[in-house]
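S.K.: Attaching a single structure in structure tokens format; questions to follow.
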Amino acid sequence: MSLILTSAGFATLVLLGATPSPVQAFSLTQSNPLKIMPLGDSNTRGRGDDLAGYRDDLWMLLNDSGFNVDFVGSATTNPPNSWDQPYAFDRDHQGHGGYAISGDTFPGASDLTSNIDNWLNAATPDVILLMAGTNDFIFQNTTAQETIDELGTLIDKIFAWSSDVNLLISSIAPLAPNRGLSQEAALYNEMIPGLLGSDRYQQHNLSFVDTRHLFTLEDLYDGVHFTPQGYSTLANAWFDGIVSASDLGQPPQDPIAVEPPGSDDSVSIPEPISGLGVLAFGLVGARSLRKRRHVSPLSSH
10 MSLILTSAGF
20 ATLVLLGATP
30 SPVQAFSLTQ
40 SNPLKIMPLG
50 DSNTRGRGDD
60 LAGYRDDLWM
70 LLNDSGFNVD
80 FVGSATTNPP
90 NSWDQPYAFD
100 RDHQGHGGYA
110 ISGDTFPGAS
120 DLTSNIDNWL
130 NAATPDVILL
140 MAGTNDFIFQ
150 NTTAQETIDE
160 LGTLIDKIFA
170 WSSDVNLLIS
180 SIAPLAPNRG
190 LSQEAALYNE
200 MIPGLLGSDR
210 YQQHNLSFVD
220 TRHLFTLEDL
230 YDGVHFTPQG
240 YSTLANAWFD
250 GIVSASDLGQ
260 PPQDPIAVEP
270 PGSDDSVSIP
280 EPISGLGVLA
290 FGLVGARSLR
300 KRRHVSPLSS
310 H
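If you want the numbering used here, it's the 1-based position in the sequence shown plus 9.
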């Protein structure tokens, strides 16, 4: 099965009243490769019929667009089931099955927060793609508020390591009711924009890759992990977020009115990349989606 990338449709940016901040857009075309760390749990590592998760699909999108990137991280497990591209797949990542944002899950697993300093010092990423929280709702008797607080602590540790790093955070996949605290997980996803848009992070390079309306339980093969098609969709979302946060991101042609905190109104931006929502904080409050210039097939594995 293949997914054709198009620029049809509209994407939605929900603006949360972010104030101006000194965002430092990174370059995707610099001579030195841009170091990107995929960070998270097994939906970053890969599982089931797609052992590389979204990473192989994202690697293709970045390379086919001519971007100079380097995936970094201490893990190199789970290559794609097949790879027929004219360039090698970069297997480095920081995706760990069973890891929660903070706290115990099951014997042999750990958590992201207690390991993040060592991982960052070893890999020194320029950009981090963070999707985390699923295992908190599977293995811990936690609440959305407790988990969003832990996410804030993890973000603080990342920016304490470097105030220059660019951090992109995605909402997590929906959980099947029999696989965890699905209602708390859904509430956690709804709380992420409020955390990221708060005054706490106005001076940081932070973006929200909004996948809340992209996935249903049909995109999960076991109620937790993505199908190959789901991983391909997730790769597109990450790609859109990366381009939007880079120096290639284009401002909107028409002015965007920044909505007050708590507003449910949204702003539609014509000609987005692929109909995926991205909330990016910086400059006047949000970076717009830019129209994708490269159209290529994306193979599912």
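Think of the CB as a built atom: it goes at the ideal place given N, C-alpha and C, for glycine as much as any other residue.
If you compare alpha carbons, which of 230, 165, 180, 198 is closest to residue 188?
M.R.: Residue 188 has its Cα closest to that of 230, out of 230, 165, 180, 198.
S.K.: How do the segment 122-133 and the segment 66-75 stand: do at least 3 beta-carbon pairs fall below 8 angstroms, yes or no?
M.R.: With the cut-off at 8 angstroms, the segment 122-133 and the segment 66-75 do not touch.
S.K.: Need the endpoints of the alpha helix (DSSP H) that residue 134 sits in, please.
M.R.: From DSSP, residue 134 is part of no alpha helix (DSSP H); its letter is neither H nor E.
S.K.: Taking contact to mean 3 or more Cβ pairs, one atom from each stretch, closer than 8 angstroms, check whether the segment 104-117 and the segment 138-148 are in contact.
M.R.: Contact between the segment 104-117 and the segment 138-148 is present, because at least three Cβ pairs lie under 8 angstroms.
S.K.: Could you check if residue 240 is buried or exposed, using at least 16 other CB atoms within 10 Å of its CB as the buried criterion?
M.R.: Residue 240 comes out buried.
S.K.: Which complete alpha helix (DSSP H) runs does the segment 180-234 hold, if anything under 4 residues is left out?
M.R.: For the segment 180-234, whole alpha helix (DSSP H) runs of length 4 or above, ordered along the chain, are 191-205.
S.K.: With 16 other CB atoms within 10 Å as the buried threshold, where does residue 7 fall?
M.R.: Shown here, the chain extends from 10 to 310; a query on residue 7 therefore has no answer.
S.K.: Grouping DSSP H, G and I as helix and E and B as strand, with all else coil, what is residue 45?
M.R.: In the structure shown, residue 45 sits in a strand (DSSP, three-state: E or B).
S.K.: Just grab the DSSP bridge partners of residue 174 for me.
M.R.: Note: residue 174 sits in no beta bridge, so no partner.
S.K.: DSSP three-state call for residue 56: helix, strand or coil?
M.R.: Correct three-state label for residue 56: strand.
S.K.: Measuring only the C-alpha atoms, how far is residue 68 from residue 47?
M.R.: Answer to the nearest angstrom: the Cα atoms are 11 angstroms apart.
S.K.: What is the DSSP secondary structure of residue 255, reduced to helix, strand or coil?
M.R.: In this structure, residue 255 counts as strand in the three-state DSSP scheme.
S.K.: Around the Cβ of residue 199, are there at least 16 other Cβ atoms within 10 angstroms (buried) or fewer (exposed)?
M.R.: Counting Cβ neighbours within 10 Å, residue 199 comes out exposed, since fewer than 16 surround it.
S.K.: With DSSP collapsed to three states, give me the class of residue 115.
M.R.: Looking at residue 115 - three-state DSSP - the assignment turns out to be coil, as it is neither helix nor strand.
S.K.: Straight-line CA distance for residue 247 to residue 180?
M.R.: Each residue's alpha carbon lies about 11 angstroms from the other.
S.K.: Since residue 105 sits in a beta bridge, which residues does DSSP pair it with?
M.R.: In DSSP, residue 105 forms no bridge with anything.
S.K.: Nearest by alpha-carbon distance to residue 40: which of 64, 52, 79, 63 is it?
M.R.: Of the listed residues, the one whose Cα sits closest to residue 40 is 79.
S.K.: Look up residue 78 in the DSSP assignment and give the residues it is bridged to.
M.R.: For residue 78, which the question treats as bridged, DSSP gives the partners 43.
S.K.: Note down the Cα distance separating residue 62 from residue 242, rounded to an integer number of angstroms.
M.R.: Spanning the two alpha carbons is a distance of roughly 11 angstroms.
S.K.: To the nearest angstrom, how far is the alpha carbon of residue 308 from that of residue 215?
M.R.: Interpretation of residue 308 is limited by its pLDDT of 32, a score under 50 that renders its predicted location unreliable; no figure is taken from the coordinates.
S.K.: Who are residue 84's beta bridge partners in DSSP?
M.R.: Answer by DSSP bridge pairing, in chain order: 102.
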